[in-house]
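*Asks:* Let me begin by handing over the structure; questions about it come next.
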Amino acid sequence: MALQRRELFALGVVAAVAAVVFRAAERLLLTTTLQAISVLYGGDDLTAAMRGDASGAIGGAVELMPINEITLYVDITMTALMRTALAGNAASALVMAQVIGLTDVGHELAAELADSWLDYGGRHSRERDKFSEARVILTTAFAERPSKDSDA
């Protein structure tokens, strides 16, 4: 997997940038980056996800849980999920929020970042009542997640 410097912009932003930051230019760069990556392993879900398939992206991300380390494989999978979320797939945005909110992403803004994906998904959901219920469940889970400073 050979990535050029200009392609690295899209990778690594999953756990650092809120959904609203991505405009058309950033989305195009994200798609172009994913199209330029070949993966030697990862299965059908990741291959489909990199082509923009929301079900594959969701399946690939869920298979990663729990995430204990942000590896290149995790980053690529989550970037593919982000692409489908930004395309307006509310379920992908919900999973983005879930993964970010339940993973140590290396900074203190994970809850706010997860919330941005919940907001984004809520705006794109066709079933707003169900999405709102899922949001309550996830925000409760985020609040109950032990911090890395706790003894738990």
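With the working numbering applied, the sequence shown covers 7 to 158.
In this text, a Cβ means the ideal position worked out from N, Cα and C, and glycines have one as well.
Alpha carbon to alpha carbon, how far is arginine 33 from threonine 145? Give it in angstroms, no decimals.
*Replies:* Approximately 27 angstroms between the Cα atoms of the pair.
*Asks:* Between lysine 136 and glutamine 104, what straight-line distance do the alpha-carbon atoms span, to the nearest angstrom?
*Replies:* 15 angstroms
*Asks:* Return helix, strand or coil for glutamate 185, following the three-state DSSP convention.
*Replies:* No information on residue 185 is available, as it lies outside the stretch 7 to 158 that the chain covers here.
*Asks:* Output yes or no for whether 8 angstroms exceeds the beta carbon distance between leucine 52 and alanine 99.
*Replies:* no
*Asks:* Do three or more CB pairs link the segment 63 to 76 to the segment 123 to 137 at distances below 8 angstroms?
*Replies:* no
*Asks:* So what does DSSP say about aspartate 59, is it helix, strand or coil?
*Replies:* coil
*Asks:* Would you kindly report the start and end of the unbroken alpha helix (DSSP H) that includes arginine 141?
*Replies:* 134 to 150
*Asks:* If I measure Cβ to Cβ from threonine 90 and keep anything under 8 angstroms in the same chain, skipping five residues before and after, which residues do I get?
*Replies:* Ala55, Gly58, Asp59, Ala60, Ala63, Ile64 and Ser98
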